[in-house]
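See below for the structure under consideration.
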Amino acid sequence: MRYAAIDIGSNAVRLLIADIIEKGEETSFKKNTLIRVPLRLGDDAFLDKEISVRKADELVKTMTAFKLLIDVYKVEDYVACATSAMREAKNGKEIVERIRKEANLNLEIVEGQKEANIIYSTHIEQTLDKKKNYLYIDVGGGSTELSVFVEGVVESSKSFPLGTVRILDNADTEETWEDMKNWIKIHTRKYKNLIGIGTGGNINKLFKLSEEKEGMPLPINKLKDMYNYLSSFSLKERINVLGLNQDRADVIIPACEIYLTVMKCAGVKQIFVPRVGMVDGIINLLIEKNITEKAENI
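Following the numbering used here, the numbering of the sequence shown begins with 4 at its first residue and continues without gaps.
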(Lines of atoms letter the chains of each structure in order from A; the text may use other names.)
(Lines give C-alpha, C1' and ligand atoms only; values in the text may rest on other atoms or scores of the structure.)
Protein backbone atom coordinates (compact mmCIF):
# COMPACT_ATOMS: atom_id res chain seq x y z
CA MET A 4 0.00 0.00 0.00
CA ARG A 5 1.24 3.48 -0.86
CA TYR A 6 0.27 7.00 0.21
CA ALA A 7 1.41 10.35 -1.19
CA ALA A 8 1.84 13.79 0.34
CA ILE A 9 2.18 17.10 -1.50
CA ASP A 10 3.40 20.24 0.25
CA ILE A 11 3.20 23.50 -1.70
CA GLY A 12 5.44 25.80 0.30
CA SER A 13 6.68 29.34 -0.22
CA ASN A 14 10.14 28.23 -1.30
CA ALA A 15 9.65 24.75 -2.77
CA VAL A 16 6.99 22.20 -3.72
CA ARG A 17 7.45 18.62 -2.51
CA LEU A 18 5.97 15.23 -3.33
CA LEU A 19 6.59 12.29 -1.00
CA ILE A 20 5.44 8.81 -2.03
CA ALA A 21 5.63 6.43 0.93
CA ASP A 22 5.28 2.65 1.28
CA ILE A 23 3.01 1.76 4.19
CA ILE A 24 4.28 -1.04 6.44
CA GLU A 25 1.80 -2.91 8.64
CA LYS A 26 3.29 -5.14 11.36
CA GLY A 27 0.60 -6.53 13.61
CA GLU A 28 -0.93 -3.59 15.48
CA GLU A 29 1.71 -1.10 14.32
CA THR A 30 1.66 0.86 11.07
CA SER A 31 4.66 2.85 9.84
CA PHE A 32 6.01 4.07 6.51
CA LYS A 33 9.18 4.01 4.45
CA LYS A 34 10.00 6.84 2.06
CA ASN A 35 9.91 5.56 -1.51
CA THR A 36 10.29 8.71 -3.63
CA LEU A 37 10.80 12.36 -2.67
CA ILE A 38 10.76 15.08 -5.32
CA ARG A 39 11.44 18.76 -4.62
CA VAL A 40 10.81 21.56 -7.12
CA PRO A 41 12.07 25.06 -6.09
CA LEU A 42 9.23 27.22 -7.48
CA ARG A 43 9.56 29.97 -4.83
CA LEU A 44 5.93 31.11 -4.92
CA GLY A 45 6.61 33.38 -1.94
CA ASP A 46 8.42 35.95 -4.09
CA ASP A 47 5.11 36.67 -5.85
CA ALA A 48 2.77 36.24 -2.88
CA PHE A 49 4.67 38.36 -0.34
CA LEU A 50 5.56 41.22 -2.68
CA ASP A 51 2.64 41.37 -5.14
CA LYS A 52 -0.02 39.57 -3.06
CA GLU A 53 -0.78 37.27 -5.99
CA ILE A 54 0.90 34.44 -7.91
CA SER A 55 2.06 35.57 -11.37
CA VAL A 56 0.77 33.88 -14.53
CA ARG A 57 4.22 32.35 -15.14
CA LYS A 58 4.51 30.88 -11.64
CA ALA A 59 0.88 29.68 -11.70
CA ASP A 60 1.55 27.88 -15.00
CA GLU A 61 4.70 26.30 -13.52
CA LEU A 62 2.75 25.17 -10.45
CA VAL A 63 -0.04 23.63 -12.58
CA LYS A 64 2.58 21.77 -14.67
CA THR A 65 4.29 20.53 -11.50
CA MET A 66 0.98 19.34 -10.03
CA THR A 67 0.12 17.58 -13.32
CA ALA A 68 3.47 15.77 -13.17
CA PHE A 69 2.92 14.87 -9.49
CA LYS A 70 -0.56 13.50 -10.25
CA LEU A 71 0.85 11.33 -13.08
CA LEU A 72 3.50 9.96 -10.69
CA ILE A 73 0.81 9.29 -8.05
CA ASP A 74 -1.09 7.27 -10.66
CA VAL A 75 2.00 5.41 -11.95
CA TYR A 76 3.04 4.48 -8.40
CA LYS A 77 -0.51 3.20 -7.77
CA VAL A 78 -0.98 5.39 -4.71
CA GLU A 79 -4.13 4.51 -2.75
CA ASP A 80 -4.64 7.84 -1.00
CA TYR A 81 -3.06 11.29 -1.02
CA VAL A 82 -3.35 14.74 0.53
CA ALA A 83 -2.10 17.95 -1.09
CA CYS A 84 -1.67 21.07 1.06
CA ALA A 85 -0.59 24.63 0.27
CA THR A 86 0.71 26.92 2.99
CA SER A 87 1.80 30.53 3.49
CA ALA A 88 2.32 31.79 -0.10
CA MET A 89 -0.99 30.41 -1.38
CA ARG A 90 -2.75 31.62 1.80
CA GLU A 91 -1.72 35.18 1.08
CA ALA A 92 -2.12 35.21 -2.69
CA LYS A 93 -5.37 36.88 -3.78
CA ASN A 94 -5.64 34.38 -6.64
CA GLY A 95 -4.86 31.35 -4.47
CA LYS A 96 -8.38 29.89 -4.74
CA GLU A 97 -8.40 30.38 -8.53
CA ILE A 98 -5.16 28.41 -8.80
CA VAL A 99 -6.60 25.64 -6.61
CA GLU A 100 -9.52 25.39 -9.05
CA ARG A 101 -7.15 25.35 -12.05
CA ILE A 102 -5.19 22.50 -10.46
CA ARG A 103 -8.41 20.57 -9.81
CA LYS A 104 -9.49 20.93 -13.46
CA GLU A 105 -6.17 20.70 -15.31
CA ALA A 106 -4.17 18.34 -13.07
CA ASN A 107 -7.15 16.39 -11.67
CA LEU A 108 -5.75 16.91 -8.21
CA ASN A 109 -7.53 18.16 -5.06
CA LEU A 110 -5.58 20.77 -3.14
CA GLU A 111 -6.34 22.44 0.20
CA ILE A 112 -4.95 25.79 1.34
CA VAL A 113 -4.36 25.25 5.07
CA GLU A 114 -4.37 27.90 7.78
CA GLY A 115 -1.34 28.45 10.00
CA GLN A 116 -2.65 26.47 12.98
CA LYS A 117 -3.54 23.48 10.81
CA GLU A 118 -0.07 23.66 9.26
CA ALA A 119 1.44 23.47 12.77
CA ASN A 120 -0.82 20.51 13.61
CA ILE A 121 0.26 18.64 10.46
CA ILE A 122 3.95 19.29 11.16
CA TYR A 123 3.84 17.83 14.67
CA SER A 124 1.76 14.88 13.43
CA THR A 125 5.20 13.40 12.74
CA HIS A 126 5.00 12.40 16.44
CA ILE A 127 8.74 12.91 16.82
CA GLU A 128 8.16 13.98 20.44
CA GLN A 129 7.10 10.39 21.23
CA THR A 130 10.66 9.17 20.65
CA LEU A 131 12.07 11.69 23.12
CA ASP A 132 12.17 11.80 26.91
CA LYS A 133 8.61 12.30 28.27
CA LYS A 134 10.02 13.85 31.44
CA LYS A 135 11.53 16.73 29.46
CA ASN A 136 9.86 19.69 27.79
CA TYR A 137 10.40 20.66 24.16
CA LEU A 138 9.92 23.62 21.84
CA TYR A 139 9.10 22.45 18.32
CA ILE A 140 10.39 24.97 15.73
CA ASP A 141 9.50 24.64 12.06
CA VAL A 142 10.85 27.35 9.77
CA GLY A 143 9.50 27.58 6.24
CA GLY A 144 9.69 30.09 3.41
CA GLY A 145 6.66 32.08 4.55
CA SER A 146 5.94 31.13 8.14
CA THR A 147 7.38 29.78 11.37
CA GLU A 148 5.38 27.30 13.45
CA LEU A 149 6.12 26.98 17.17
CA SER A 150 4.71 24.35 19.54
CA VAL A 151 5.51 23.80 23.22
CA PHE A 152 5.41 20.14 24.30
CA VAL A 153 5.09 19.39 28.01
CA GLU A 154 5.40 15.71 28.99
CA GLY A 155 4.65 14.69 25.40
CA VAL A 156 1.50 16.82 25.07
CA VAL A 157 1.09 20.08 23.13
CA GLU A 158 0.63 22.86 25.66
CA SER A 159 0.51 25.76 23.17
CA SER A 160 1.07 26.31 19.48
CA LYS A 161 1.16 29.25 17.07
CA SER A 162 2.04 30.10 13.47
CA PHE A 163 3.83 33.38 12.67
CA PRO A 164 4.06 35.03 9.21
CA LEU A 165 7.84 35.02 9.38
CA GLY A 166 9.87 32.90 6.97
CA THR A 167 13.08 32.77 4.96
CA VAL A 168 11.69 33.93 1.60
CA ARG A 169 9.64 36.63 3.33
CA ILE A 170 12.80 37.97 5.02
CA LEU A 171 14.80 37.89 1.76
CA ASP A 172 12.00 39.87 0.11
CA ASN A 173 12.01 42.38 3.01
CA ALA A 174 8.37 41.48 3.57
CA ASP A 175 8.83 40.73 7.29
CA THR A 176 7.90 43.34 9.89
CA GLU A 177 9.40 44.36 13.22
CA GLU A 178 5.93 43.83 14.77
CA THR A 179 5.91 40.17 13.70
CA TRP A 180 9.36 39.58 15.21
CA GLU A 181 8.20 41.21 18.46
CA ASP A 182 4.92 39.24 18.48
CA MET A 183 6.88 36.01 18.15
CA LYS A 184 9.38 36.95 20.87
CA ASN A 185 6.57 37.95 23.26
CA TRP A 186 4.65 34.71 22.57
CA ILE A 187 7.80 32.67 23.25
CA LYS A 188 8.48 34.48 26.54
CA ILE A 189 4.89 34.07 27.75
CA HIS A 190 4.61 30.37 26.82
CA THR A 191 8.09 29.15 27.78
CA ARG A 192 9.11 31.19 30.85
CA LYS A 193 7.81 28.63 33.37
CA TYR A 194 9.81 25.79 31.78
CA LYS A 195 13.50 25.48 32.54
CA ASN A 196 15.92 23.55 30.33
CA LEU A 197 13.62 23.52 27.28
CA ILE A 198 15.04 21.42 24.44
CA GLY A 199 14.51 22.36 20.80
CA ILE A 200 13.19 20.18 17.98
CA GLY A 201 13.92 21.72 14.59
CA THR A 202 12.25 20.84 11.30
CA GLY A 203 12.48 22.28 7.80
CA GLY A 204 14.88 21.96 4.88
CA ASN A 205 17.30 24.57 6.23
CA ILE A 206 17.84 23.06 9.69
CA ASN A 207 18.27 19.65 8.01
CA LYS A 208 21.04 21.14 5.85
CA LEU A 209 22.60 22.96 8.81
CA PHE A 210 22.69 19.73 10.79
CA LYS A 211 24.38 17.93 7.89
CA LEU A 212 26.97 20.73 7.57
CA SER A 213 27.59 20.61 11.34
CA GLU A 214 28.82 16.99 11.08
CA GLU A 215 27.17 16.18 14.41
CA LYS A 216 26.43 12.48 14.95
CA GLU A 217 22.96 11.32 13.88
CA GLY A 218 20.56 11.45 16.82
CA MET A 219 22.68 13.95 18.74
CA PRO A 220 21.45 17.52 19.37
CA LEU A 221 22.98 20.59 17.73
CA PRO A 222 24.20 23.04 20.42
CA ILE A 223 23.19 26.70 20.02
CA ASN A 224 26.86 27.79 20.14
CA LYS A 225 27.67 25.55 17.19
CA LEU A 226 24.66 26.93 15.28
CA LYS A 227 25.93 30.48 15.99
CA ASP A 228 29.39 29.54 14.70
CA MET A 229 27.86 28.06 11.54
CA TYR A 230 25.79 31.21 11.01
CA ASN A 231 28.93 33.37 11.27
CA TYR A 232 30.84 31.01 8.98
CA LEU A 233 28.13 30.91 6.29
CA SER A 234 27.61 34.70 6.52
CA SER A 235 31.32 35.24 5.81
CA PHE A 236 30.77 33.89 2.27
CA SER A 237 28.98 35.74 -0.52
CA LEU A 238 25.92 34.11 -2.10
CA LYS A 239 28.06 33.08 -5.10
CA GLU A 240 30.69 31.54 -2.80
CA ARG A 241 28.07 29.61 -0.83
CA ILE A 242 27.01 28.04 -4.14
CA ASN A 243 30.44 27.54 -5.76
CA VAL A 244 32.73 27.02 -2.75
CA LEU A 245 30.39 25.36 -0.21
CA GLY A 246 28.37 23.51 -2.86
CA LEU A 247 24.92 24.64 -1.66
CA ASN A 248 22.03 24.56 -4.12
CA GLN A 249 21.11 27.98 -5.45
CA ASP A 250 17.68 27.92 -3.80
CA ARG A 251 19.25 26.90 -0.45
CA ALA A 252 22.27 29.20 -0.44
CA ASP A 253 20.26 32.38 0.12
CA VAL A 254 17.50 31.16 2.48
CA ILE A 255 19.87 29.34 4.86
CA ILE A 256 21.04 32.67 6.38
CA PRO A 257 17.60 34.03 7.39
CA ALA A 258 16.69 30.50 8.56
CA CYS A 259 19.66 30.62 10.95
CA GLU A 260 18.48 34.02 12.19
CA ILE A 261 15.01 32.68 13.00
CA TYR A 262 16.25 29.51 14.77
CA LEU A 263 18.82 31.46 16.79
CA THR A 264 16.29 34.15 17.76
CA VAL A 265 13.71 31.57 18.89
CA MET A 266 16.27 29.47 20.80
CA LYS A 267 17.80 32.50 22.54
CA CYS A 268 14.38 33.88 23.46
CA ALA A 269 13.23 30.54 24.92
CA GLY A 270 16.54 29.74 26.62
CA VAL A 271 16.99 26.66 24.42
CA LYS A 272 20.62 25.51 24.50
CA GLN A 273 20.38 22.61 22.04
CA ILE A 274 18.15 21.45 19.20
CA PHE A 275 17.37 17.96 17.89
CA VAL A 276 16.97 17.68 14.12
CA PRO A 277 14.86 14.61 13.23
CA ARG A 278 14.82 15.46 9.48
CA VAL A 279 11.06 15.32 9.08
CA GLY A 280 8.63 17.90 7.74
CA MET A 281 5.18 18.69 6.42
CA VAL A 282 5.06 15.74 4.00
CA ASP A 283 5.93 13.28 6.79
CA GLY A 284 3.12 14.73 8.90
CA ILE A 285 0.64 14.33 6.02
CA ILE A 286 1.58 10.64 5.59
CA ASN A 287 1.07 10.07 9.32
CA LEU A 288 -2.37 11.73 9.14
CA LEU A 289 -3.30 9.46 6.21
CA ILE A 290 -2.21 6.41 8.24
CA GLU A 291 -4.33 7.55 11.22
CA LYS A 292 -7.31 8.21 8.93
CA ASN A 293 -6.99 4.70 7.43
CA ILE A 294 -6.76 3.08 10.89
CA THR A 295 -9.88 5.00 12.05
CA GLU A 296 -11.84 4.00 8.93
CA LYS A 297 -10.89 0.34 9.38
CA ALA A 298 -11.97 0.42 13.03
CA GLU A 299 -15.32 1.98 12.09
CA ASN A 300 -15.96 -0.73 9.49
CA ILE A 301 -15.41 -3.60 11.93
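For glycine and all other residues, C-beta sits at the position ideal for the given N, C-alpha and C.
In this text the structure is predicted, and so the values were computed from the model without any measurement.
3-residue-minimum beta strand (DSSP E) runs that sit fully inside the stretch 120-181, ordered along the chain: 136-142, 147-153, 156-163
C-alpha distance - G204 paired with K104, whole-angstrom precision: 31 Å
Taking buried to mean at least 16 other C-beta atoms within 10 Å of its own C-beta, is R43 buried or exposed? With 16 or more Cβ atoms within 10 Å of its Cβ, R43 is classed as buried.
R192: first and last residue of the uninterrupted beta strand (DSSP E) it sits in: Membership of R192 in any beta strand (DSSP E) is not indicated, and neither H nor E is assigned to it by DSSP.
What are the boundary residues of the beta strand (DSSP E) that includes K34? K34 -> beta strand (DSSP E) spans 29-40.
Give me the Cβ distance between V40 and V56, rounded to the nearest whole Å; I'm assuming they're in contact under 8 Å. Not a contact, Cβ separation roughly 18 Å.
Would you say the beta carbon of V156 is closer than 7 Å to some non-hydrogen atom of the ligand SAM? The ligand SAM is absent from the structure shown, which contains no ligands of any kind.
Using a Cβ-Cβ cutoff of less than 8 Å, which residues in the same chain neighbour K267 once the five nearest sequence positions on both sides are dropped? I223
What is the rounded straight-line gap between the Cα of I23 and the Cα of Y123? 19 Å
Contact set for D172: own chain, Cβ-Cβ below 8 Å, skip 5 residues either direction: G45, D46, F49, L50
Counting along the chain, where does the alpha helix (DSSP H) carrying I9 start and finish? No alpha helix (DSSP H) holds I9; the beta strand (DSSP E) holding it covers 5-11.
If the criterion is Cβ atoms closer than 8 Å, does the pair I187 and I274 meet it? no
Output the distance between the C-alpha atoms of V168 and S13, rounded to the nearest integer angstrom. So the two alpha carbons sit approximately 7 Å from each other.
Rounded to the nearest angstrom, how far is the Cβ of N94 from that of E29, given a contact under 8 Å? With a Cβ gap of about 43 Å, N94 and E29 do not count as contacting.
Which residue from A59, L221, A119, K70 puts its Cα closest to that of P277? Comparing Cα-Cα distances from P277 to each of A59, L221, A119, K70, the minimum goes to L221.
Run of the beta strand (DSSP E) containing D22, from where it starts to where it stops: 16-26
Among the candidates A298, L19, K96, S237, whose CA atom is the shortest distance from the CA of D80? L19
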